[in-house]
Structures are given as structure tokens and as C-alpha cells.
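Here's the structure we're looking at; comments come further down.
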Amino acid sequence: MPRSSQPIQLPTLKDEALWLHALTHRSYTNEHSDILEDNEALEFLGDAVLGFLVSELIYKRYGSSVNITEAQMTRLRSKLVDEKQLARLAEELGIGELMRLGKGAIQNNAQNNPALLSDTLEAIIGAYYLDTGIVKVRQFVTRLFTDIADDLIESSDDQTLPNLIDSKGKFQQWALKEYQQTPEYKLVKEAGEDHEKIFWVEVWVKGKKYGEGQGRRKKEAEKKAAEDALQHVGG
3 MPRSSQPIQL PTLKDEALWL HALTHRSYTN EHSDILEDNE ALEFLGDAVL
53 GFLVSELIYK RYGSSVNITE AQMTRLRSKL VDEKQLARLA EELGIGELMR
103 LGKGAIQNNA QNNPALLSDT LEAIIGAYYL DTGIVKVRQF VTRLFTDIAD
153 DLIESSDDQT LPNLIDSKGK FQQWALKEYQ QTPEYKLVKE AGEDHEKIFW
203 VEVWVKGKKY GEGQGRRKKE AEKKAAEDAL QHVGG
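The opening residue of the sequence shown carries number 3 in this note's numbering; numbering runs sequentially from there.
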């Protein structure tokens, strides 16, 4: 799938006070009596908004276009929004340099603490939602996570997401990218008794046969046909 070439930047909030609120850690309020609110409530909101939007992204991008189960979508979502991933994104966005921290926290290198980076990114998402509504936040989250999700889907050596997408799903991704069409699987032959039948299947895209396969079940034959097709297209 195509990758974005534009660097991701933090959103601009219309409400500057809300922006500062999102960046304010509890350690800062402890040292500044005039600052009454830290960002924990915004973090709570942002966590919920982020979970919803990442779930929506996964559903819309993969739920109907690749062979992916509910359990696999759940694992993918968990992988995308875990602390390590959010902290990496926060580092790329320069959030550590923007966080409002107490002197003691700074001395303890809190600006590089993965948990605080992750929490602050969630708080910013919560603040951005309050400031602009769901549409702009959806655009921001989509830009942040689409390439990462695609990489996880396509990765063959990611042991945390085994068999996330099979050969049929991979060939379908290729067909959608190249021709904006889903493959058509044609049963061309079956033979044998009911308890030991063999099925022959061909897979076609836009009037052209790309692969063929056989198996004891139609689904198995379809997967074999997709594997054959992937070899022909270099997938």
C-alpha cells in the first residue's frame, strides 16, 4: 500500500489554554500553585477517542478487504496503541520537549519516560477532540497510524501477530492496489467421493487468470490458488 511521504506534525489547537493543559504533568502543578489542573483527565478522554478511531481505521482498512478475524483485529489494535508504540510516536512528534514538568521530574529524565510520553500524546488527542471535534482528530490519527498498521499487516516475521493475513488476503491487497478489484475464485473441477473430494480452483482478476490450486476443501484450494498467483506477481 502507498506510504505517506509527508512528515506528521502535531495539530494546532485554537484554544491555547487547552493546549497547555494537555502538556501539563502532575509534577508541574505540584510546583506551581497557580496551575490547578494536570492532563490526566484529558489523557483519559484521549485514550478512549484513540481506541475508537484506531478500531475504526482497522475495520475500514482491513475488515472487509482482507481475511482478518476479530481476534486478529483486536491484537492489531493492541499493538498500535500500546505504550511503546505511542511513546515512539510522541518522540517523533517532539512531545518530550513540550511537556510541562516539575524540576524534579526533569532531573529524573521524565521527558524521555515512555509512559509519560504515551500519556501526553493521549492527552493531546483528547484536547484536540474537545477543540475541533472528531473529524480533524480522525484525520490526525489516520495519518499517524495507517503506515504502521500496514507494516504490521504485511510483516511476515512479526511473531506477535502470527498469520494476521493469509495468501488470499495478500493477493486481494495486490488486486485492490493494482486494479481496484477483488479477485474472483472459480471452481473449475471437483472429483472423488464426498468424504475425499478434491477441488480445483482458479483465481481471476479483471478477466485474467493469475493462479490455480487444488485441495480437499474449496477454501484450501482457493488459498493454494492465491499462493500460486502471488508467485506470479512477485508478492
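Here a beta-carbon is modelled for each residue, glycine too, at the ideal position from N, C-alpha and C.
As the structure is a computational prediction, the values presented were derived from the model and not from experiment.
Any idea what DSSP makes of residue i, helix, strand or coil?
| i | result |
| --- | --- |
| Y211 | A small correction: the amino acid at residue 211 is Lys; Tyr does not occupy that position in the sequence shown. The answer is strand: DSSP assigns K211 an E or B state. |
| K16 | coil |
| L25 | helix |
| Q11 | coil |
| G217 | strand |
| E204 | strand |
Residue range of the alpha helix (DSSP H) that residue i falls in?
| i | result |
| --- | --- |
| A89 | E85 to E94 |
| A231 | K220 to V235 |
| D49 | E42 to I60 |
| S35 | From DSSP, S35 is part of no alpha helix (DSSP H); its letter is neither H nor E. |
| T76 | E72 to L82 |
| I108 | K105 to Q109 |
Does residue i pass the burial test, meaning 16 or more other C-beta atoms within 10 Å, or should it be called exposed?
| i | result |
| --- | --- |
| Q109 | exposed |
| Q74 | buried |
| A43 | exposed |
| V137 | exposed |
| D36 | exposed |
| T162 | For T162, the pLDDT reaches just 49, beneath the cut-off of 50, and the residue's location in the model is therefore unreliable, leaving the point undetermined. |
| A228 | buried |
| Y181 | exposed |
| T76 | exposed |
| E124 | buried |
| T122 | buried |
| E45 | buried |
| D159 | Only weak support exists for where D159 lies, its pLDDT of 47 falling under 50; the value from the coordinates is given anyway. Exposed. |
| G213 | buried |
Within its chain, find whatever has a CB closer than 7 Å to the CB of residue i; leave out the 5 residues flanking it on each side and keep chain order.
| i | result |
| --- | --- |
| L103 | H27, S29, Y30, A112 and Q113 |
| K220 | L189, F201 and V203 |
| V139 | V51, L55, I127, Y130 and Y131 |
| A177 | Q183, T184, P185 and V207 |
CB-CB under 6 Å to residue i, same chain, minus the five flanking residues each way: which ones, in chain order?
| i | result |
| --- | --- |
| K16 | D133 |
| I126 | A24 |
| R145 | I10 |
Ordered along the chain, which non-local residues of its own chain (more than five positions away) have a Cβ less than 8 Å from that of residue i?
| i | result |
| --- | --- |
| K225 | D168, S169, K170, G215 and G217 |
| M38 | Per the sequence presented here, residue 38 reads as Leu, with Met not at that position. If we look at L38 and ignore the five residues flanking it on each side, its Cβ neighbours are T31. |
State yes or no: is the beta carbon of residue i nearer than 7 Å to at least one beta carbon in chain D?
| i | result |
| --- | --- |
| A89 | The structure shown has no chain D; it contains just one protein chain. |
- Pick out the complete beta strand (DSSP E) segments inside the segment 114-201, 3 residues or longer, and give them in chain order. Within the segment 114-201, the complete beta strand (DSSP E) segments of 3 residues or longer fall at 186-193, listed in chain order.
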